[in-house]
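Residue numbers (the working numbering): 3 to 314.
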Ligand code: GLV
Ligand code: MG
């Protein structure tokens, strides 16, 4: 192990992250009472320009009226991008009026670490001015070629940054990839055309102690496509995936939860290794397969998620 270590900045259960346009209060209520681990109130791309101001007000009201934590949820607000004229007021209004109620701000289309610096400086000032004892977290959407080209530098931002998300729709647009299908596979490509990008983002996250989260899958009438995408993301190390429809939340919770068999196996791995250790051995065998200290780390990863789910 290197002498340089970046432990996970913040453990949060984020198997499913439901995107809710803040312009729609009915959807906000449904989201609050649904099974998602995480809900983000969207002020950005799901909200049309004439509705931006009302959406901001709705988000603030939902943060103040609903006890999201008591409902077992983390609540986030996706602010508008730094290239718009909405962003500064999103940060000022949401933070001044509900900065001690919102858990994280999701910053879209982050291209360089300086984008996070600006948001961070603003929330620092507002939290100080308001005398909040809470500290809002930051999450960044990696969804442009620039953001992906700088993902390792962005991941090292430090401070409040706790997660990166892969925004496949904007990423496809930014790359001019040949698709108009959000998150679906392109049959012309032998495999998953997003593999390299997600793997790169996950590596940057794991190197610097952030949670990697996979973004949307647009076709909500294709549960199998959604689940397959979620399983691919989980295989690479993502902790969860967005849902753009309530029905997708259940699938995400299912895919990103360890099964009972996985939990039992994880416990058995640890037991066997303890028994081997007592006999002065570092490795052991379980069900005909070699296990060693790395197996214990993998097993503990499973148990951390299982414990977080039981604590929910
Ligand atoms: C999410 O914002 C995406 O662009 O996929
Ligand atoms: Mg986007």
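Just so it is clear, CB atoms sit at the ideal spot from N, CA and C, and this is done for glycine as well.
All values reported here derive from a predicted model rather than from experimental measurement.
Would you grab the beta carbon distance between residue i and residue j for me? Rounded to a whole angstrom, and I think it's under 8 Å.
| i | j | result |
| --- | --- | --- |
| residue 304 | residue 265 | 6 Å |
| residue 241 | residue 258 | 7 Å |
| residue 79 | residue 45 | 6 Å |
| residue 25 | residue 56 | 6 Å |
| residue 156 | residue 121 | Incorrect: roughly 12 Å between the Cβ atoms, too far for contact. |
| residue 213 | residue 164 | 6 Å |
| residue 48 | residue 71 | Between residue 71 and residue 48 the Cβ distance is about 24 Å, and since that is not below 8 Å, they are no contact. |
| residue 160 | residue 144 | That belief does not hold up - the Cβ atoms of residue 160 and residue 144 are roughly 17 Å apart, past 8 Å. |
| residue 27 | residue 251 | 19 Å between Cβ atoms; not a contact. |
| residue 184 | residue 218 | 6 Å |
Under DSSP, the alpha helix (DSSP H) around residue i begins and ends at which residues?
| i | result |
| --- | --- |
| residue 308 | 295 to 313 |
| residue 216 | Not the alpha helix (DSSP H): residue 216 falls in the beta strand (DSSP E), residues 213 to 216. |
| residue 182 | Unbroken run through residue 182: none, as it is neither H nor E. |
| residue 55 | 54 to 67 |
| residue 253 | 248 to 257 |
| residue 125 | 115 to 132 |
| residue 226 | 225 to 238 |
| residue 87 | Residue 87 -> no alpha helix (DSSP H), and no H or E assigned at all. |
Any heavy atom of the ligand GLV within a distance shorter than 7 Å of the CB on residue i?
| i | result |
| --- | --- |
| residue 149 | no |
| residue 216 | no |
| residue 110 | yes |
Given 7 Å as the limit, tell me if residue i has its C-beta closer than that to any heavy atom belonging to the ligand MG.
| i | result |
| --- | --- |
| residue 145 | yes |
| residue 171 | yes |
| residue 67 | no |
| residue 47 | yes |
Taking 7 Å as the cut-off, is the beta-carbon of residue i closer than that to any non-hydrogen atom of the ligand SAM?
| i | result |
| --- | --- |
| residue 245 | Among the ligands in the structure shown, the ligand SAM does not appear; only the ligand GLV and the ligand MG can be found there. |
Going by DSSP, what residue range makes up the beta strand (DSSP E) through residue i?
| i | result |
| --- | --- |
| residue 139 | 139 to 144 |
| residue 19 | 18 to 23 |
| residue 270 | That residue, residue 270, is in no beta strand (DSSP E); its alpha helix (DSSP H) goes 262 to 280. |
| residue 77 | 76 to 80 |
| residue 242 | 242 to 245 |
| residue 106 | 106 to 109 |
| residue 148 | From DSSP, residue 148 is part of no beta strand (DSSP E) but of the alpha helix (DSSP H) over 147 to 151. |
| residue 40 | 40 to 44 |
| residue 286 | 286 to 288 |
Can you find a C-beta in chain C that's less than 8 Å from the C-beta of residue i?
| i | result |
| --- | --- |
| residue 220 | Any reference to chain C falls outside this structure, which holds one protein chain only. |
- Flag this pair as touching only if the segment 58 to 71 and the segment 5 to 14 have three or more C-beta atom pairs under 8 Å; answer yes or no. In the pairwise beta carbon analysis, the segment 58 to 71 is classified as not touching the segment 5 to 14: fewer than three pairs are separated by under 8 Å.
- Are the segment 86 to 106 and the segment 133 to 149 touching, with three or more C-beta to C-beta distances below 8 Å? At 8 Å Cβ cutoff, the stretches touch.
- Is the segment 182 to 189 in contact with the segment 147 to 154, if contact means three or more CB pairs nearer than 8 Å? The segment 182 to 189 is not in contact with the segment 147 to 154.
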